[in-house]
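S.K.: Starting off with a structure, shown below.
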Amino acid sequence: MLVPRPDTETLVQWALEVLQTPDIPSDPQILDLGTGSGAVALALKHARPALQVSAVDFSADALAVAQANAQALKLDVQFSHGSWLGNVSDHYHAIVSNPPYIAARDPHLAALTHEPLQALASGLDGLDDIRQIISQAPAYLHPGGWLLLEHGYDQAAPVRELLQRWF
Ligand SMILES: C[S@@+](CC[C@H](N)C(=O)[O-])C[C@H]1O[C@@H](n2cnc3c(N)ncnc32)[C@H](O)[C@@H]1O
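Every position in the sequence shown, counted from 1, becomes a number in the numbering used here once 123 is added.
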């Protein structure tokens, strides 16, 4: 079970804001990486039906849930299986992601046993997946495109450093 959290609403609001900037077309292409139950992709498509929304996850089980949710909500989102941008060939005006970002030894993980560990934890410092996404994303963004990431409360400085290194 993947539980969407209120923090992730901020990611959705932020994406809707940046997609309103004048240099972005009215029917922009959006990619949700690590879509889980599809919460981010489906919220974006619902809020702005003109968006062309694609979504990727490594977990076939998660994708099945996301697809069922899209069907129930009658929202047209293209779901595909893959590891981050490994199977992606298009370019996007925005890539959004709420990836796993909890450090492997973080004691909070003990209370989150109803979710799969690979949806939450990401290496010793929690940044393994964010590192991969940041290093891969520039090649898949249109000029002026955005990469929007959710990360841990104490990860702003290292995430900023990674973004400065790759963008
Ligand atoms: C924290 S959950 C976020 C789920 C959903 N986006 C949300 O906000 O509710 C992280 C998601 O990333 C997926 N994930 C983990 N490793 C991945 C990888 N290498 N490539 C693609 N997705 C991955 C997990 O299966 C999980 O669905």
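Every residue, glycine too, gets a C-beta built ideally from N, C-alpha and C.
Taking 8 Å as the cut-off, is the CB of Phe290 close to at least one heavy atom of ligand 1?
M.R.: No; taking the cut-off as 8 Å, the Cβ of Phe290 has no heavy atom of ligand 1 nearer than that.
S.K.: Counting Cβ pairs, one atom from each stretch, are 3 or more of them under 8 Å apart for the stretch 241 to 250 and the stretch 275 to 288?
M.R.: Taking 8 Å as the limit for Cβ pairs, the verdict is that the stretch 275 to 288 does touch the stretch 241 to 250.
S.K.: Shorter than 8 Å, the distance from the beta carbon of Asn192 to the closest heavy atom of ligand 1, or not?
M.R.: For ligand 1, not one heavy atom lies less than 8 Å from the Cβ of Asn192.
S.K.: In the DSSP assignment, find the unbroken beta strand (DSSP E) run with Ile218 in it and report its ends.
M.R.: Tyr215 to Ser220 is the extent of the beta strand (DSSP E) around Ile218.
S.K.: What do you reckon, are the CB atoms on Leu270 and Phe290 nearer than 9 Å?
M.R.: Cβ distance < 9 Å, so Leu270 and Phe290 count as in contact.
S.K.: Return the chain-ordered list of same chain residues with a C-beta closer than 6 Å to the C-beta of Leu208, the five sequence neighbours on each side being excluded.
M.R.: Cβ within range, chain order: Gln259 and Tyr263.
S.K.: Alpha carbon to alpha carbon, how far is Ala234 from Pro145? Give it in angstroms, no decimals.
M.R.: For Pro145 and Ala234, the distance between alpha carbons rounds to 44 Å.
S.K.: So the beta strand (DSSP E) Asp248 belongs to, where does it begin and stop?
M.R.: Asp248 -> no beta strand (DSSP E), and no H or E assigned at all.
S.K.: How many angstroms separate the CA atom of Leu165 from the CA atom of Phe202?
M.R.: Taking the straight line from one Cα to the other gives about 11 Å.
S.K.: Nearest by alpha-carbon distance to Gln136: which of Gly159, Gln152 and His169 is it?
M.R.: Of Gly159, Gln152 and His169, the residue nearest in Cα terms is His169.
S.K.: Please indicate yes or no: does the CB of Pro129 lie closer than 8 Å to some heavy atom of ligand 1?
M.R.: Result no, Cβ not under 8 Å from ligand 1.
S.K.: Assuming Leu286 contacts Ile257 under a Cβ cut-off of 8 Å, what Cβ separation, rounded to an integer in Å, is found between them?
M.R.: With 8 Å as the limit, Leu286 and Ile257 qualify as a contact, their Cβ atoms being about 6 Å apart.
S.K.: Residues bridged to Ser177 by DSSP?
M.R.: Paired residue(s): Leu154 and Gln201.
S.K.: Closer than 8 Å to a non-hydrogen atom of ligand 1 - does that hold for the CB of Trp207?
M.R.: Answer for Trp207: yes, Cβ within range of ligand 1.
S.K.: Please confirm whether any heavy atom of ligand 1 lies closer than 8 Å to the CB of Asp180.
M.R.: Yes - ligand 1 has a heavy atom lying nearer than 8 Å to the Cβ of Asp180.
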